[in-house]
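Asks:
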Amino acid sequence: MKSNQSKGNTDPVAPVTPSRGRLRPLGLDEVRITGGFWARRREVNTTATIEHCRDWMERVGWTGNFRAPVAARRGREFADSDVYKLLEAMSWAGTGSDPITEAIATAQEPDGYLNTNFGRPGQQPRYSDLEWGHELYCYGHLIQAGVAQARASGEGELTKIARRAADHVCALFDAKGNQGVCGHPVIETALVELARLTGEQRYLDQAALFVDRRGQGTLEDGEFGRAYYQDDMPVRKATVLRGHAVRALYLASGAVDVAVETGDEDLLAAVVRQWETAVARRTYLTGGMGSHHRDESFGDDFVLPPDRAYSETCAAVASVMLSWRLLLATGEPRFADLAERTLFNVVAASPAEDGRSFFYSNTLHRRRRGFVPAADVQVPRAESSLRAPWFAVSCCPPNVARTLALLPGYLATTDDHGIQLHQYADAEISTGGIALRIRTDYPTDGRVTVTVDRTPAHPWTLSLRVPAWAEGATAWLAGPDGDRRAVTPGTAEVTRVFRPGDETVLELPVLPRWLGPDPRVDAIRGTAAVQRGPLVYCAESVDLPDDRDVDAVRVDPSAPPEGRADGSVVVAGELGAQADEAWPYRPFEAPQTAGAGTGIVLVPYHSWANRGPSTMRVWLPAVDSAPTVDSAP
Ligand code: FUB
Ligand code: ZN
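Okay, so the sequence shown: first residue is 321 according to my numbering, each after it adds one.
1. Measure the alpha-carbon distance for Leu727 versus Arg516 and round it to whole angstroms.
2. Compare the Cα-Cα distances from Asp494 to each of Gln550, Glu513, Leu524 and Gly384 and report the closest residue.
3. Compute the beta-carbon to beta-carbon distance between Ala721 and Ala409, rounded to the nearest angstrom, for a pair I have assumed lies under 8 Å.
4. Any heavy atom of the ligand ZN inside 7 Å of the beta-carbon of Glu397?
5. Buried or exposed: which applies to Lys496, given that a residue is buried once 16 or more other Cβ atoms fall within 10 Å of its Cβ?
6. Taking one C-beta from the region 427 to 434 and one from the region 505 to 521 each time, how about it: are there three or more such pairs within less than 8 Å?
7. Taking the alpha-carbon of Leu674 as reference, which of Glu823, Val380 and Glu363 has the nearest alpha-carbon?
8. Taking just the CA atoms, how far does Val637 sit from His504?
9. Consider the C-beta atom of Glu632 and the heavy atoms of the ligand FUB; say whether any pair is separated by less than 7 Å.
10. What residue from Gly563, Ala798, Glu508 and Leu605 has the CA that sits closest to Ile463's CA?
11. Please report the straight-line C-alpha distance between Gly619 and Glu596, rounded to a whole angstrom.
12. Where does Ser631 land, buried or exposed, given buried means 16+ other C-beta within 10 angstroms?
13. What do you get for Ser888, buried or exposed, if any count of 16 or more other CB atoms within 10 angstroms of its CB means buried?
14. Roughly how many angstroms lie between the CA atoms of Glu616 and Val841, to the nearest whole one?
15. Can you tell me which residues form a DSSP beta bridge with Thr426?
16. Heavy atom of the ligand COA less than 7 Å from the Cβ of Cys458, yes or no?
17. For the ligand ZN, I want to know if Asn682 counts as a neighbour, meaning its beta carbon is within less than 7 Å of at least one of the ligand's heavy atoms.
18. Could you tell me if the beta carbon of His613 falls within a distance shorter than 7 Å of some heavy atom in the ligand FUB?
19. Compute the Euclidean distance between the alpha carbons of Pro776 and Thr354, then round it to the nearest angstrom.
20. For Gly915, collect the residues of the same chain with a Cβ closer than 6 Å to its Cβ; drop the 5 residues on either side in sequence, then sort them by chain order.
21. For Ala465, which of helix, strand or coil comes out of DSSP?
22. Find out if the Cβ-Cβ distance for the pair Val512, Glu581 is shorter than 8 Å.
23. Using the Cα positions of Arg804 and Ala798, report the straight-line distance between them to the nearest angstrom.
24. Going by C-alpha to C-alpha distance, which of Leu569, Ala547, Gly453 and Arg852 sits closest to Ala885?
25. Cα-Cα, which of Glu475, Lys480 and Glu397 is closest to Thr426?
26. Secondary structure at Gly347, three-state DSSP: helix, strand or coil?
27. Touching or not, the region 735 to 753 and the region 763 to 776, by the rule of three or more beta carbon pairs under 8 Å?
28. Any heavy atom of the ligand FUB closer than 7 Å to the Cβ of Glu827?
29. Pro941 and Pro820 - do their beta-carbons sit closer together than 8 Å?
30. Tell me, please, which residues DSSP counts as bridged to Phe438.
31. Considering Cα atoms alone, identify which of Pro332, Arg374 and Asp402 is closest to Cys715.
32. Using a Cβ distance threshold of 8 Å, determine whether the region 656 to 663 contacts the region 581 to 593, with at least three qualifying pairs required.
33. Give the straight-line distance between the Cα atoms of Val814 and Arg645, rounded to the nearest whole angstrom.
34. Whole angstroms are fine: how far does the CA of Phe679 sit from the CA of Val830?
35. In whole angstroms, what is the alpha-carbon distance linking Arg483 and Ala468?
36. Just how far apart, CA to CA, sit Ala892 and Glu882?
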């Protein structure tokens, strides 16, 4: 790790700045989103969501905790972290510093310790509850906020507080010190980022220690088991993301950071493997992750019930963080594909249009209409209503705020060969000798026009991601020399000596299409869904005649869906609620195609699990029940 001085503070204004890897990030000062879908979202974020979060945190006492006496402390044990996330959002958004920083500085102990919930007279001792205390987790968000401040506007008070806290952690949790890990990862990514900012090796070493220490079983085997906090097996040995989804994804992100900085190919490969399996088996069509409400965790493989999807907004934010790191490390477009899916279908779904209420849990099927909570009421549970202004656990709103604030940093990268565009938005990019103008109404329209405004005289490569969802349809790339060629999912490139005014046009086929599930996703067998470009669609009762419920909808996937100019899609089908029967099970009608084969023994349900561990199922898929609709991603 180079020292800060030799680095000369040339890090981009970006959340993640690896010193090596396949691609280099561009900073928020190099990429500007100028219009369209994300510009509107970011405008609402800056003008409404950030202020909304600030007001609520003041109102529920979370900011006040830094000023209040012990007895007056309010909120959950991790409330400090939400204040830090908001400060991070403010740094990226450039909305100025917040007076709360002074109170945070005052609350910090002389040895760097900082937490409003522990360590003061009348509170539990410091680090007496690593499972649930969230002290290191809170530092993680503090440090990331301090790094954001330093990169966005230069080192300030928050950066200093963060450094003092990080020094305290390194002094206490080093190889000879406390051998514990936090029940909630996130300090790993933050310490690596601080190492990148300062050039100080010890922060990276500490992050590596935390990554390697996890999985040794130092955390209590509690209510949800050690897998809940990924302490059941070492990161390097795990083959899939498991346990609490946000924890798993933050940890994996930290592991990638450590792997990249230390050149640890095995560790990187382990995380790629976990990502692959989680995407193949544990991810919703929306990109959402986590199907357990009880412990906010990943379910077993293919346990993806749409009506019980937890799909926490924070897990989506964390998934984008992981995908971005893997993209930078490897250059592989599949990571940008998942980030796109997750950004459009979970991160963008969480906030209401006015940016003042949020989904915490992002179900894919709501059976009851729910209610709109009052604008001034804090909602106690994640899934109890429609979007809520605030939750007793409000980790998601400030996480959305910081993600939208830093979003331009996820659009494009550079390497020694040129510029790579990963996400499409109306934007302008200016880096080194190259300036690009990107004009598009994506995802409403699939045309992306890239105009070169400034270019060096030598050849370079413009790379454009062709999303995996474009499979099976034709995408076109028209280069400035007039050539027009079909491109397939992956990366399309134009290499040449560009001239100012040169245009490259990518045409993506944002036509609606049917998708069907892998038959192993039992909860949705026999159903189909529509996706148009990166956008997943849904039926909503307000669009149905007579205000019927969506459960009356039956679709005919043999007829192609039809896109309309207003962005909606029309599909063939019928509306008719099923009449209730006294008992919702009936004699099985054997499929015509069922043939002889292996005899399969069934036993009475009451007798199962008397002969040692086993797997079991009652409903057995019929041989002809696999959907015949397009199953492309
Ligand atoms: O524990 C802190 C945050 O609260 C988690 O990341 C969320 O899942 C919520 O439980
Ligand atoms: Zn959350």
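Backbone N, C-alpha and C fix where the C-beta goes; we use that ideal spot for every residue, glycine too.
Replies: A quick look at the data gives this:
1. 20 Å
2. Leu524
3. 4 Å
4. no
5. exposed
6. no
7. Residue 674 is actually Asp in this sequence, not Leu. Minimum Cα distance to Asp674 is reached at Glu363.
8. 15 Å
9. yes
10. Glu508
11. 15 Å
12. buried
13. exposed
14. 19 Å
15. DSSP output for Thr426 lists no bridge partner at all.
16. In the structure on display, the ligand COA does not appear, and the ligands it does have are the ligand FUB and the ligand ZN.
17. no
18. no
19. 24 Å
20. Only weak support is given to the placement of Gly915: the predicted model assigns it a pLDDT of 49, under 50, and the value that follows is read from those uncertain coordinates. No residues qualify anywhere along the chain.
21. helix
22. yes
23. 4 Å
24. Arg852
25. Lys480
26. coil
27. yes
28. no
29. no
30. Gln444
31. Asp402
32. no
33. 25 Å
34. 27 Å
35. 13 Å
36. 9 Å
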